[in-house]
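The numbering of the sequence shown is our numbering, which starts it at 41 and goes up by one.
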Amino acid sequence: MDLYQHFRKEEYPFIDQVLSWRDEVTTRYERKVMDFLHPREQKIFEMIIGNDEELQLAFFGGWELAERKRAILAPFYEEINESSFEVDLLQAKFPQKFVSVEHRDVLGAFLSAGIKRKKMGDIVIHNDTIQILVASDITTYLITNVTSIKKAGVTFERVPMSERLPSQDTWQARMATCASLRLDVIIKEMYQVSRQQALNVIKKGLVKVNFQTIDQPSFLLEEDDLISIRGKGRSRITELQGRTKKDKIRITFEKLL
């Protein structure tokens, strides 16, 4: 059976990467630590490795419901613990009285400093405190080079994982019925906009599915897909519940409040 038939064409390069990692681990008999993966990549990884009795696959993202996680693929007999993932929890404070800092501001500061997204995990902001999980190999560079966010001076430092703040993300579950799983149809239902408005945001390149910009209204969505629209927030399909008597597709989804 062709492995690739179960996945989208744009996911083939990542599938090739996973197969390469699997071959490397089984040939060398040593673990491999990957950069941070988003949820869809984690799912693909799990689907490919499956129930391989010779290997073990583990993920860690710092927070219980972390979105981005590092992965370890290792021989079944190796012991894996939190320190195996080679991550640091970094923290900085900002003058909340004078500046408002959001997730996109922090991410923008890191990317502007030349730090790749795959080296960073989730970002949590609570009151005047920013926390982020990063790959240990960029910790020193990040501390040295990210010294301001939105013109506010910041100083990042390592803190114990036991001091991580609670995630502020709140997802609200909802239900909908859709004529199809086309991207424009799903956006219309999830965001309560007209079909034309859905088409406009897609064609303008404002829509991402699983962190990739999608500009085709006919793109077909699947269970667990994460949708983000610039300026309108994020949603994810949690379950496809079959068809109604009128042959519409019943879905459950969550919106980030």
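Ideal Cβ positions, reconstructed from N, Cα and C, are used throughout, including at glycine. Just so it is clear, the structure is predicted and the values come from calculations on it, not from any experiment.
Open item on the list: Assuming the contact rule is C-beta atoms closer than 8 Å, Ala175 and Asp75 should be a hit. Round their C-beta distance to whole Å, please.
Closed with: 6 Å
Open item on the list: For the pair the region 205–225 and the region 149–167, tell me if three or more CB-CB distances fall below 8 Å.
Closed with: yes
Task: Gly90 versus Phe99 - alpha carbon distance - done: Roughly 14 Å separates the two Cα atoms.
TODO: Whole angstroms is fine: what's the gap from Arg214's alpha carbon to Glu229's?
DONE: Between Arg214 and Glu229, the C-alpha separation is close to 11 Å.
Open item on the list: Please report the distance separating the alpha-carbon of Val73 from that of Trp61.
Closed with: 10 Å
Task: Element boundaries [beta strand (DSSP E), containing Lys133] - done: 127–133
- [ ] Identify which residue in Thr278, Leu239, Gln136, Ser275 has its Cα closest to the Cα of Phe259.
- [x] When only C-alpha atoms are compared, the closest one is Leu239.
Task: Own chain partners of Gly245 with C-beta closer than 8 Å, once the 5 adjacent residues on each side are dropped - done: Thr253, Asp255
TODO: Answer yes or no: do Arg270 and Val247 have a C-beta to C-beta separation smaller than 9 Å?
DONE: yes
Open item on the list: Taking its Cβ as the centre, do 16 or more other Cβ atoms sit within 10 Å of Gln281, making it buried, or is it exposed?
Closed with: It counts as exposed.
Task: Per-residue burial, Ala219 [other beta carbons within 10 Å of its own, 16 or more giving buried] - done: exposed
TODO: With DSSP as the reference, label His46 as helix, strand or coil.
DONE: Correct three-state label for His46: helix.
Open item on the list: Contact defined as beta carbons within less than 8 Å: I believe Leu221 pairs with Leu266. What is the distance between those atoms, to the nearest angstrom?
Closed with: Actually they are not in contact, since the Cβ atoms of Leu221 and Leu266 sit about 14 Å apart, beyond 8 Å.
TODO: With DSSP collapsed to three states, give me the class of Gln82.
DONE: helix
Open item on the list: Taking the beta carbon of Arg25 as the centre, do at least 16 other beta carbons fall within 10 Å, making it buried, or is it exposed?
Closed with: The chain is shown from 41 up to 297; residue 25 falls before or after that span and cannot be answered.
- [ ] State yes or no: is the C-beta of Arg198 within less than 9 Å of the C-beta of Met160?
- [x] No; because the gap between Cβ atoms is not below 9 Å, this pair is not in contact.
TODO: Could you check the C-alpha separation between Phe85 and Leu95 for me, to the nearest Å?
DONE: Going by the C-alpha atoms only, they are around 12 Å apart.
Task: Leu151 - containing alpha helix (DSSP H), residue span - done: 143–152
Task: Through-space distance from Gln237 to Glu126, alpha-carbon basis - done: 44 Å
Open item on the list: Measuring straight from C-alpha to C-alpha, what distance separates Ile226 and Ala114?
Closed with: Near 39 Å, if we compare the C-alpha coordinates of Ala114 and Ile226.
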